[in-house]
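Contents: one structure, followed by commentary.
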Amino acid sequence: MSLKEFLLTIWFGKDKALAKIAEEDNGYDYFPVSVLVADPEANLTLHRFLLTSLDSAKTRPISVMGADYEVGVVSINPAPQIPPFQTPTAVSGS
Amino acid sequence: MNLAFPALCILLLALPGILFRKAFARAALPMPLMSGSGQHRVNKYPVSIRPFTEEICIGLVWTILLHVMWLMLWSIPCLAQFMPTFDDAIVVVHGPGSLDAKDYSSAIHRLVEKRLCIATYFITLYAASFLLGRLTLWIVRDFHLDHSWMMVRLEDQWFYFLNGEIFKFSEFKQFFQGPVPKISGTYVSLVVTQSGADYLYKGFLWDFHLDRDGGLDRLVLHHAIRAKFDPPAGKDEAGTKTSGQPSDTSETVVENLNRVENLKEAKNNSDELSITDAGWKFQRVSSQLFTVRYADCKTLACTYFYVRKRKPE
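Sequences listed follow chains A and B, in order.
232 is the number of the first residue of the first sequence in my numbering; add one for each residue after it.
75 is the number of the first residue of the second sequence in my numbering; add one for each residue after it.
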């Protein structure tokens, strides 16, 4: 238990603390990349995914020694838009 | 001797703030207190490399705060009673130069009588300053206070960029629809010139090192692959000319066909040492770790990815 979990448990109580942590994790357990690169086939699959799916919002399942993981790219698409009150500085026309 | 002693006293007085800053802002070495999230890469903390004068100023502010805090603590009745007089401190720091030798001598005698108490005060203050610096850093990092508050953010832009923590900054969170996923790794792409030719390297970030000025000095990648970087002249990867005009349809089709052929070739190729993408054939770098000087890189790009599994209900 990390210090954060410990303090959350004291402050909110165990059930609420666990719910708060689960909400932050969005219902997933996150793993380091080392769980994939140790397997040569998964390593290659991960390379291919990262080479070809940079703009994809979809995740890709990867299986490593019987365990199924999904891989995704952190993307800020759609790109932030310029607020409407800002006008382009380039001058066009006469 | 007359010059050196007051200088030594000033150094001893200013040391708590310096130690605090050293422990808080220069803790690049791994720390045993790290909680589990960062175990997939070298466990390190951001550093804060500021100009010397700025660092001294910040250190002096912390010195005053730490002395005030420690003196208040030491004046508690149940603890050792120690409250130096302001006059004695000034006399010692100023030195005997323009003072009456009798006053100076009596002040020194009073301090010598309390030498054990003074030594204990300073030794415990130094230890507490260092531990407090580390504790502050741990709290800031463990509770992600540096993501929310710029005031406690360390001056290590490379650390936050290369680890993808910029996405968690309060000012950037607005770009995401939902919660920002925890980043499992950073996929680094860089172009390096070797023997007159450009090579595109891609690999997973393992570690990085900064130089004395806080600039990026060296990157360490693992499971790196490389390809000769020679994109078709006048066209970029998306099939558009560099002038911004779309390329001819026939050219695009030919390029796409080439790409499909390359992908088929890679698929059929049982040799696991090659990956083909965008017309470039990658080869695995046959080493555990690959290090490159940032000064040798023409470009650097990072892709942040996550590896996750849905929690069992």
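Ideal placement from N, C-alpha and C gives every residue a C-beta, glycine not left out.
First through last residue of the beta strand (DSSP E) which encompasses residue i
i	result
valine 264 of chain A	From DSSP, valine 264 of chain A is part of no beta strand (DSSP E); its letter is neither H nor E.
lysine 372 of chain B	371-384
glutamate 239 of chain B	Element bounds for glutamate 239 of chain B: n/a, residue is neither H nor E.
alanine 301 of chain B	290-302
aspartate 281 of chain B	271-284
proline 292 of chain A	291-295
aspartate 270 of chain A	Premise fails: aspartate 270 of chain A is in no beta strand (DSSP E) and is neither H nor E.
serine 258 of chain B	Element bounds for serine 258 of chain B: n/a, residue is neither H nor E.
glycine 303 of chain A	298-304
arginine 367 of chain B	363-367
Member of the options whose CA lies at the smallest distance from the CA of residue i
i	options	result
serine 269 of chain B	B/Phe303, B/Asp287, B/Gly289	B/Phe303
leucine 147 of chain B	B/Leu228, B/Ile182, B/Ala202	B/Ala202
threonine 373 of chain B	B/Val262, B/Ala181, B/Phe79	B/Val262
phenylalanine 204 of chain B	B/Arg367, B/Leu140, B/Ala163	B/Leu140
proline 255 of chain B	A/Trp242, A/Gly244, A/Leu238, A/Pro263	A/Pro263
histidine 297 of chain B	A/Ala250, A/Asp260, A/Leu275	A/Leu275
glutamate 128 of chain B	B/Ala99, B/Leu87, B/Arg367	B/Ala99
isoleucine 299 of chain B	A/Ala250, A/Thr240, A/Val268, A/Trp242	A/Val268
tryptophan 280 of chain B	B/Leu236, B/Tyr178, B/Val359	B/Leu236
serine 244 of chain B	B/Trp223, B/Glu229, B/Asp230	B/Trp223
isoleucine 197 of chain B	B/Trp212, B/Ser360, B/Ala271, B/Leu87	B/Leu87
threonine 194 of chain B	B/Leu145, B/Val135, B/Ser180, B/Ile213	B/Leu145
tryptophan 212 of chain B	B/Trp232, B/Ala97, B/Phe249, B/Pro386	B/Ala97
isoleucine 277 of chain A	A/Glu301, A/Ile241, A/Trp242	In the sequence under discussion, the amino acid at residue 277 of chain A is leucine, which differs from the isoleucine named in the question. Comparing Cα positions, the closest option is A/Glu301.
methionine 296 of chain A	A/Arg279, A/Ser284, A/Ala273	A/Ala273
serine 179 of chain B	B/Ile192, B/Lys188, B/Val165	B/Val165
phenylalanine 280 of chain A	A/Trp242, A/Gly303, A/Asp260	A/Gly303
phenylalanine 237 of chain A	B/Leu134, B/Ile192, B/Arg208, B/Phe217	B/Phe217
serine 265 of chain A	B/Lys355, B/Thr260, B/Lys242	B/Thr260
Check whether residue i and residue j have beta carbons under 9 Å apart
i	j	result
lysine 247 of chain B	leucine 282 of chain A	no
leucine 274 of chain B	leucine 290 of chain B	no
phenylalanine 379 of chain B	valine 305 of chain A	yes
leucine 295 of chain B	threonine 210 of chain B	no
glycine 244 of chain A	arginine 384 of chain B	no
cysteine 371 of chain B	valine 266 of chain B	yes
valine 381 of chain B	serine 258 of chain B	yes
valine 167 of chain B	proline 253 of chain B	no
glycine 91 of chain B	isoleucine 132 of chain B	yes
leucine 293 of chain B	tyrosine 234 of chain B	no
aspartate 299 of chain A	isoleucine 307 of chain A	no
Closer than 8 Å: residue i CB and nearest the ligand SAH heavy atom
i	result
aspartate 216 of chain B	Questions concerning the ligand SAH fall outside what the structure shown contains, since it holds no ligand whatsoever.
Residue i: first and last residue of the uninterrupted alpha helix (DSSP H) it sits in
i	result
isoleucine 132 of chain B	126-148
glutamate 187 of chain B	175-187
lysine 247 of chain B	From DSSP, lysine 247 of chain B is part of no alpha helix (DSSP H); its letter is neither H nor E.
glycine 91 of chain B	78-99
leucine 219 of chain B	219-222
Assigned exposure category for residue i - 16 Cβ within 10 Å defines buried
i	result
valine 328 of chain B	With a pLDDT of 43 at valine 328 of chain B, under the threshold of 50, the modelled position of this residue cannot be trusted; read the value that follows with caution. Valine 328 of chain B should be labelled exposed.
aspartate 220 of chain B	buried
lysine 176 of chain B	exposed
histidine 183 of chain B	exposed
aspartate 161 of chain B	exposed
aspartate 285 of chain B	exposed
leucine 85 of chain B	exposed
valine 186 of chain B	exposed
threonine 159 of chain B	exposed
glycine 238 of chain B	buried
aspartate 246 of chain A	exposed
lysine 289 of chain A	exposed
phenylalanine 278 of chain B	buried
alanine 250 of chain A	exposed
leucine 239 of chain A	buried
glutamine 362 of chain B	exposed
phenylalanine 126 of chain B	exposed
aspartate 260 of chain A	exposed
alanine 78 of chain B	exposed
Cβ distance (whole Å) where residue i is taken to contact residue j below 8 Å
i	j	result
aspartate 287 of chain B	isoleucine 130 of chain B	Actually they are not in contact, since the Cβ atoms of aspartate 287 of chain B and isoleucine 130 of chain B sit about 17 Å apart, beyond 8 Å.
leucine 206 of chain B	phenylalanine 94 of chain B	6 Å
tyrosine 200 of chain B	leucine 89 of chain B	6 Å
alanine 271 of chain B	glutamine 357 of chain B	About 14 Å; that fails the 8 Å criterion.
arginine 215 of chain B	tyrosine 119 of chain B	6 Å
Within-9 Å CB hit, residue i to chain D
i	result
isoleucine 241 of chain A	In the displayed structure, chain D is absent; the protein chains listed are A and B.
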